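Peer 1: Residue numbers (our numbering): 874 to 1406. Cβ coordinates follow ideal geometry from the N, Cα and C atoms, glycine included. Just so you know, these numbers come straight off a predicted model, no measurement behind them.
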């Protein structure tokens, strides 16, 4: 079993470029550490901070988010896509609040146990009515399932034998982390693991239950173990939102409506930007009795489990590189796409033919929307169009903007402007014929407020260029958005049985405790470089 390597003494056998990284580990807050020689950089304008290291045989980039929450996560993911274009797996690693039992009621969950995501719901996305909050749970509003590769691996790891191996490896890697004194990741003891009645509130913020005198008589369950218990690993749904859950009553109310087992704050912003797995350690029971003594230990168990999870990840050859953002011809042609072409893509010929005919007919619509349910492959179809244009339309430029959030959209625009040197009043107006022909793909334009704004903030729609020399292709789950932004739309349904039989495509799905999580993940990776933006 390979031991964790000291970042100072890590051998300098490093990847040749950013394109050699296939795995990103993402934490909510940056670590405090001395910067080393920045061998691995980032594209101009990227505001993320990165550290590079290894999980076993895999190159890993650690992404330090500038803050917590969905918007911060979405912006970080957007920038990371351009700096590290070959990411095939993103692990969101840290701590979370948990339910005391699994969704089927068969397993107790204790502090320090690790939760692996089978899916994510955005529990604060909906309507606030006078008497209740209604989460938007329609298919078009829901986050999609993980991609087939991740689902297959999770299914394998849930088996008895593979799960035991995962638990055992996690324990080994946890021991390695705990030998790093500066991490302070020791098990805090069973006395810090008490589950209180949901209605019994913590008596005083900033104090432990012992310090402020929370009644042990209100404890519904107290952990009893001889020695140090081994962390268990559970699989289930995460509830993600911009709120720290500190209410046992609200926790239980949400659980009656959703089959979740944990609460966290970043996954909804990353889920569709990357093929993503959430790996988080239980640091409290999502109630007012926050167990701060358990936070560092929970962060360490999550980091250890993430490393063990990656041991099971096959990955693929990373020989291909990011499409050049430089001029494709002497006329200044540009190709700005954050994804590599999916060589395993099959089918959808009718849809691709219809899109090509409508987009590139001189009398066709300037704005076209591709509409379909989450997970049917809209992004992959748009990607095929982008690469077709690159190969068949030598006088066309192609640009790609993510529309999951306004923050991510603005970040990507700013990065692109800097990278292409488009700043300044003397640069070409996209409406000008001299700017050439262009296709702009706006991906995941699902939310009407993000597109058009509200009374307090503007949407991204006002920033989109309009010119007879260009075309805009939107991908969206929302028919309402499609009708509002586009001149016409094309519907994308489920794959036909014939196409599915030929091989389904690989879909591109994206607190102080955060500080602890970043620290232990950094050590677990074996950090060799840090680059600050």
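Have a look at 1025, 1230, 1255 and 1055 and flag the residue whose alpha-carbon is nearest the alpha-carbon of residue 1274.
Peer 2: 1255
Peer 1: Whose C-alpha, out of 1287, 1044, 1269 and 1066, is nearest the C-alpha of residue 1175?
Peer 2: 1044
Peer 1: Rounding to the nearest angstrom, what Cα-Cα distance links residue 961 and residue 1145 in this structure?
Peer 2: 13 Å
Peer 1: Report whether the distance from the Cβ of residue 1130 to the nearest heavy atom of the ligand GTP is below 7 Å.
Peer 2: Here there are no bound small molecules, and the ligand GTP is not part of this structure.
Peer 1: Are residue 1155 and residue 965 touching if we call contact CB-CB under 8 Å?
Peer 2: no
Peer 1: Counting C-beta neighbours from all protein chains within 10 Å, is the total for residue 995 16 or more, i.e. buried, or is it exposed?
Peer 2: buried
Peer 1: Which of helix, strand or coil does DSSP assign to residue 989?
Peer 2: The answer is strand: DSSP assigns residue 989 an E or B state.
Peer 1: When you compare each of 1259, 1314 and 990 to residue 1106 by their alpha carbons, which one comes out closest?
Peer 2: The candidate whose alpha carbon is nearest that of residue 1106 is 990.
Peer 1: Around the C-beta of residue 1016, are 16 or more other C-beta atoms found within 10 angstroms, so that it is buried, or is it exposed?
Peer 2: With 16 or more other Cβ atoms within 10 Å, it is buried.
Peer 1: Shortest alpha-carbon distance to residue 1248 belongs to which of 1142, 1166, 1365 and 1285?
Peer 2: 1365
Peer 1: Based on Cα-Cα distance, which residue from 1207, 1318, 1122 and 1331 lies nearest to residue 1290?
Peer 2: Residue 1290 has its Cα closest to that of 1207, out of 1207, 1318, 1122 and 1331.
Peer 1: Pull up the CB-CB distance for residue 973 and residue 1148, whole angstroms please, since I reckon it's below 8 Å.
Peer 2: Actually they do not touch by this definition, with Cβ atoms about 30 Å apart.
Peer 1: On the DSSP letters alone, give me the boundaries of the beta strand (DSSP E) that residue 962 sits inside.
Peer 2: 962-971
Peer 1: Label residue 1263 either buried or exposed according to how many other C-beta atoms from any shown protein chain fall within 10 Å of its C-beta, with 16 as the threshold for buried.
Peer 2: That one is buried.
Peer 1: What are the boundary residues of the beta strand (DSSP E) that includes residue 1275?
Peer 2: 1269-1275
Peer 1: Helix, strand or coil for residue 995 per DSSP?
Peer 2: strand
Peer 1: Return yes when the Cβ of residue 1151 is within less than 8 Å of the Cβ of residue 1137, no when it is not.
Peer 2: Against a cut-off of 8 Å, the Cβ pair of residue 1151 and residue 1137 comes out as a contact.
Peer 1: Three-state secondary structure (DSSP) at residue 1251?
Peer 2: Here residue 1251 sits in helix by DSSP.
Peer 1: Return the bridge partner residues of residue 1411 from the DSSP annotation.
Peer 2: Residue 1411 cannot be examined here, being either before or after the span of the chain that is shown, 874 to 1406.
Peer 1: Give every residue of the same chain whose Cβ lies closer than 7 Å to the Cβ of residue 1211, excluding the five residues on either side of it in the sequence, and list them in chain order.
Peer 2: Here residue 1211 has 954, 955, 958 and 1273 as same chain residues with Cβ atoms under 7 Å from its own Cβ, once five neighbours each way along the sequence are excluded.
Peer 1: Is it a yes or a no for the stretch 1349-1361 touching the stretch 1316-1329, going by three-plus beta-carbon pairs under 8 Å?
Peer 2: yes
Peer 1: With DSSP as the reference, label residue 1320 as helix, strand or coil.
Peer 2: coil
Peer 1: Going by the DSSP bridge assignment, what does residue 1149 pair with across the sheet?
Peer 2: 963
Peer 1: How far does the beta strand (DSSP E) with residue 1049 in it reach, from first residue to last?
Peer 2: Unbroken run through residue 1049 is the alpha helix (DSSP H), 1033-1051; no beta strand (DSSP E).
Peer 1: Put residue 1184 into one of helix, strand or coil per three-state DSSP.
Peer 2: helix
Peer 1: What do you reckon, are the CB atoms on residue 1120 and residue 1160 nearer than 8 Å?
Peer 2: Taking 8 Å as the Cβ cut-off, residue 1120 and residue 1160 qualify as a contacting pair.
Peer 1: List the whole-angstrom C-beta distance separating residue 1228 from residue 1363, where the pair is believed to meet the contact cut-off of C-beta under 8 Å.
Peer 2: By a beta-carbon distance limit of 8 Å, residue 1228 contacts residue 1363. Their separation comes to about 6 Å.
Peer 1: CB residue 1287 to CB residue 1315, shorter than 8 Å?
Peer 2: One thing to note: residue 1287 has its Cβ no nearer than 8 Å to the Cβ of residue 1315.
Peer 1: Helix, strand or coil for residue 1350? Go by DSSP, reduced to three states.
Peer 2: coil
Peer 1: Can you tell which of 967, 1027 and 1346 has the C-alpha that lies nearest to the C-alpha of residue 1182?
Peer 2: 1027
Peer 1: Evaluate residue 937 with the Cβ neighbour count: other Cβ atoms within 10 Å of its Cβ, from every protein chain shown; 16 or more gives buried, anything less gives exposed.
Peer 2: buried
Peer 1: Secondary structure at residue 974, three-state DSSP: helix, strand or coil?
Peer 2: strand
Peer 1: What do you reckon, are the CB atoms on residue 1281 and residue 963 nearer than 8 Å?
Peer 2: no
Peer 1: Which partner residues of residue 1310 appear in the DSSP bridge assignment?
Peer 2: 1269
Peer 1: List the DSSP bridge partners of residue 1154.
Peer 2: 968 and 987
Peer 1: How far does the beta strand (DSSP E) with residue 1109 in it extend, from its first residue to its last?
Peer 2: 1106-1113
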